[in-house]
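Position one of the sequence shown corresponds to residue 707 (the working numbering), numbered consecutively onward.
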Amino acid sequence: MHYLKLLSKSYKKFLKEDLINDLNDLDCANFVCASHFYYPDEPKFIYGNQKALNLWELDKESFIGMPSKFTAEAIERDDRQKLLDEVNQNGFIKNYSGIRISSTGKRFMIKDAIVWNVLDEKGETIGQAVRFEDYEYL
Numbered sequence: 707m708h709y710l711k712l713l714s715k716s717y718k719k720f721l722k723e724d725l726i727n728d729l730n731d732l733d734c735a736n737f738v739c740a741s742h743f744y745y746p747d748e749p750k751f752i753y754g755n756q757k758a759l760n761l762w763e764l765d766k767e768s769f770i771g772m773p774s775k776f777t778a779e780a781i782e783r784d785d786r787q788k789l790l791d792e793v794n795q796n797g798f799i800k801n802y803s804g805i806r807i808s809s810t811g812k813r814f815m816i817k818d819a820i821v822w823n824v825l826d827e828k829g830e831t832i833g834q835a836v837r838f839e840d841y842e843y844l
């Protein structure tokens with residue numbers, strides 16, 4: 707829960723609004739929310755709500771700890787990295803769209819996503835998170 711508090715607090719800092727009224731409801735929210743943490747070797751998922759797990763067709767045990775780059779096909783990873791670099795520079799980005807892939811190979815377009823940096827108590831970036839409702843299977 708500690709990480710989710712940081713995720714929510716960071717969202718409020720950058721977007722000037724609450725991510726969700728009650729953080730206890732995030733797991734069953736009607737939007738996709740996922741976050742990776744900057745582990746020493748590479749960013750890996752530390753959180754995904756039920757909508758995220760359903761979309762990527764993974765259970766929590768398979769999702770948590772998975773390198774987040776694997777949610778994009780290899781050909782899309784450069785664009786994904788450019789997005790993450792922009793978020794690192796600006797703190798957040800709105801209206802992001804990009805192609806992702808589920809664990810079973812289903813391709814989908816994320817639309818109008820918000821991506822933001824997750825900050826620790828010292829204000830240091832420790833990860834990034836995404837929130838979106840709109841997507842379309844390709």
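In this text, a Cβ means the ideal position worked out from N, Cα and C, and glycines have one as well.
Exercise. Looking only at its own chain, which residues have a Cβ that is under 7 Å from the Cβ of threonine 810, when we skip the five neighbours before and after it?
Worked result: Glu763
For this session: Run the proximity test for leucine 732: is its beta-carbon closer than 6 Å to any non-hydrogen atom belonging to the ligand NAD?
Result: This structure lacks the ligand NAD, and indeed carries no ligand of any kind.
Problem set entry | Contacts around serine 808, its chain only, beta-carbon distance under 6 Å, and the 5 residues preceding and following it disregarded | Trp762 and Glu763
Exercise. Just checking, does the stretch 776-784 make contact with the stretch 792-802 on the three C-beta pairs under 8 Å criterion?
Worked result: By the Cβ criterion, the stretch 776-784 is not in contact with the stretch 792-802, since fewer than three pairs of Cβ atoms, one from each stretch, lie closer than 8 Å.
For this session: Give the straight-line distance between the Cα atoms of glycine 820 and phenylalanine 838, rounded to the nearest whole angstrom.
Result: Before going further, note that residue 820 is isoleucine rather than glycine in the sequence given. C-alpha of isoleucine 820 to C-alpha of phenylalanine 838: approximately 6 Å in a straight line.
For this session: Out of Lys722, Phe720 and Lys715, point me to the one whose CA is closest to leucine 729's CA.
Result: Lys715
For this session: On the DSSP bridge assignment, give the partners of histidine 742 in chain order.
Result: Residue pairing by DSSP places histidine 742 opposite Phe751 and Gln834 in a beta bridge.
Exercise. Between which two residues does the alpha helix (DSSP H) containing alanine 778 stretch?
Worked result: Run containing alanine 778: none; DSSP gives neither H nor E here.
Exercise. The beta strand (DSSP E) with serine 714 in it runs from where to where?
Worked result: Where serine 714 is concerned, there is no enclosing beta strand (DSSP E), although the alpha helix (DSSP H) it sits in stretches over 708-721.
Exercise. CB-CB under 6 Å to glycine 833, same chain, minus the five flanking residues each way: which ones, in chain order?
Worked result: Ser741, His742, Phe743, Tyr744 and Val824
For this session: Ignore the nearest five residues each way along the sequence and tell me which others in lysine 711's own chain have a CB closer than 8 Å to its CB.
Result: Leu729
Exercise. Distance, Cα to Cα, aspartate 747 vs glutamine 756?
Worked result: 26 Å
Problem set entry | beta strand (DSSP E) segment containing leucine 825, residue limits | 813-825
Exercise. What is the DSSP secondary structure of serine 768, reduced to helix, strand or coil?
Worked result: helix
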